[in-house]
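Going by numbering that gives the first Met the number 0, the residue at position 226 of the sequence shown is 225; the numbering climbs one at a time, nothing skipped. Below you'll find the structure, written out as structure tokens, and then a few comments.
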Amino acid sequence: MELKITCIPGDGIGPEIVAEAKKALDAVAEKYGHHMQYTDILMGGASIDVHGVPLTDEAVETARSADAVLMGSIGGDTTTSPWYKLAPNLRPEAGLLAIRKALNLFANLRPAVLYEELAGACPLKTEISEKGFDMLIMRELTGGLYFGERKTTEENGIRKAVDTLTYDENEIRRIAIKGFDIARKRKKKVTSVDKANVLDSSRLWRAVVEEVAKDYPDVILEHMLVDNCAMQLVKDPAQFDVILTENMFGDILSDEASMVTGSIGMLASASLNDTKFGLYEPSHGSAPDIAGKDLANPIATILSASMMLRYSFDLDKEADAIDGAVKQVLKDGYRTGDIMSDGCEKVGCKKMGDLIVERIK
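The structure is reproduced here in structure tokens:
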């Protein structure tokens with residue numbers, strides 16, 4: 000199979016971690032008879048330095064022509080970098096917002112997995128963490144409160160702000176379909192999270208999700224109010240498989256879920272459109288303080304590449320090979336600095352990539 004991938008190394012540790020993810024993909028390609036075709040583009044600070052803008056139209060078209068996009072990290076030190084003296088629309092992160100909009104990436108996937116070998120880093124009680132968990136938060140990314148009409152006015156000397164939360168049934172239906180499709184690749188359970196006891200938008204959300212569920216009789220659907228979901232994430236995270244929710248709720252819950260895993264360096268993510276196309280990236284930042292020092296943890300980016308194989312190319316066996324290699328490396332006691340614990344061997348970014356590749360092969 001020919002896999003056409005646009006790579007965005009980005010800023011900070013981005014080039015280092017993308018290089019290790021490409022090594023893992025190449026190992027999978029060699030083992031299973033695929034061919035990887037990579038094309039690099041600039042985005043973020045790297046693009047500002049060359050082109051004066053965080054994302055060019057030419058870069059967008061290159062990304063659009065690929066089957067998927069693999070990204071490292073965007074941005075720099077907000078206090079010292081000259082990039083942050085520019086207007087907001089010219090700063091590095093504006094490139095990420097622009098490419099999401101240009102490629103219609105409306106579905107954000109944030110896995111939260113607690114590996115047995117890293118259970119000690121989990122802030123939850125041992126009786127909770129020892130059960131482990133493997134969930135995926137499916138967040139609607141282009142609608143809701145963040146994209147509704149907003150205004151600030153003054154009435155009789157009193158300032159007043161209004162933000163509008165709007166969803167139509169088509170926006171809800173397309174994210175729900177993505178959620179159920181992905182649940183079929185996992186444990187076949189969807190927890191739809193809303194605030195249907197208060198909000199009309201949530202009542203419509205719940206109604207449309209129930210309509211979609213009729214086409215997936217093999218997938219269990221449950222509804223949960225967002226405040227209860229926030230409590231359940233720290234009380235019993237093992238109960239969840241796919242959490243399906245709207246933009247603002249997903250923003251908050253995905254950050255909560257990421258913290259109970261114990262390390263942001265292990266967290267992959269994806270943003271998909273209404274085809275198989277997606278942009279895959281780690282959830283962590285660019286860590287400019289350790290850039291170029293071979294200290295970064297590449298696992299989140301390598302796991303993002305695994306998600307790419309699974310969701311954009313339907314190569315589940317190949318994705319399993321990467322996931323299994325990561326688990327084996329951790330079981331064998333190798334750690335980068337951010338996940339280091341007593342009795343383990345500390346390795347750098349390149350060595351961690353090499354160890355994972357060895358176990359893929």
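C-beta atoms are modelled at their ideal positions from N, C-alpha and C, and glycine is treated no differently.
Does DSSP classify Phe-105 as helix, strand or coil?
Coil at Phe-105, not helix or strand.
What does DSSP give as the partner residue(s) for Gly-9 in the beta ladder?
DSSP lists Ser-72 as the beta-bridge partner residues of Gly-9.
Keeping to the same chain, check which residues put their C-beta closer than 6 Å to that of Ile-174; ignore five residues upstream and five downstream.
For Ile-174, same chain residues with a beta-carbon under 6 Å away, outside a window of 5 residues either side, are Ala-106 and Glu-139 in chain order.
The region 275-293 / the region 114-121 touching (three or more Cβ pairs under 8 Å)
Taking a contact to require three or more Cβ pairs closer than 8 Å, the region 275-293 and the region 114-121 do not qualify as touching.
Got a sec, what are the start and stop residues for the alpha helix (DSSP H) Met-137 sits in?
No alpha helix (DSSP H) holds Met-137; the beta strand (DSSP E) holding it covers 132-139.
Bridge partner(s) assigned by DSSP for Ser-268
The partner list for Ser-268 (beta bridge, DSSP) reads Glu-280.
Evaluate contact between the region 254-265 and the region 39-58, counting only Cβ atoms and requiring at least three cross-stretch pairs below 8 Å.
Contact between the region 254-265 and the region 39-58 is absent, with fewer than three C-beta pairs closer than 8 Å.
Report the option in Ala-20, Ser-64 and Thr-79 whose CA atom is closest to the CA atom of Glu-280.
Of the listed residues, the one whose Cα sits closest to Glu-280 is Ala-20.
Can the beta-carbon of Gly-75 be found closer than 8 Å to that of Ser-285?
Contact flag set, yes.
Would you kindly work out how many angstroms separate the C-alpha atoms of Met-35 and Pro-110, rounded to a whole number?
It is roughly 25 Å from the alpha-carbon of Met-35 to the alpha-carbon of Pro-110.
Taking the C-alpha atoms as reference points, what is the distance between Asn-227 and Asp-193?
Each residue's Cα considered, the two are about 10 Å apart.
Going by the CB atoms, is the gap between Asn-272 and Ser-145 shorter than 8 Å?
Strictly speaking, residue 145 in this sequence is Tyr, with Ser absent from that position. Cβ atoms of Tyr-145 and Asn-272: not closer than 8 Å.
Could you check if Asp-206 is buried or exposed, using at least 16 other CB atoms within 10 Å of its CB as the buried criterion?
In the sequence under discussion, the amino acid at residue 206 is Ala, which differs from the Asp named in the question. Result: exposed.
Run through the region 27-66 for me and flag every whole beta strand (DSSP E) of 3 or more residues, listed as ranges in chain order.
Runs of the beta strand (DSSP E) inside the region 27-66: 34-39.
For Val-27, does the count of other Cβ atoms within 10 angstroms reach 16, so buried, or fall short, so exposed?
Buried.
Asp-341 to Val-356 span [Cα, whole Å]:
So the alpha carbons of these two residues sit roughly 24 Å apart.
In terms of alpha-carbon separation, which member of Leu-220, Gly-147, Asp-10 and Lys-234 lies closest to Asp-180?
Closest by alpha carbon: Leu-220.
For the candidate residues Gly-347, Tyr-114, Asp-56 and Met-42, whose alpha-carbon lies nearest to that of Ala-237?
Checking every option, the nearest Cα to that of Ala-237 belongs to Tyr-114.
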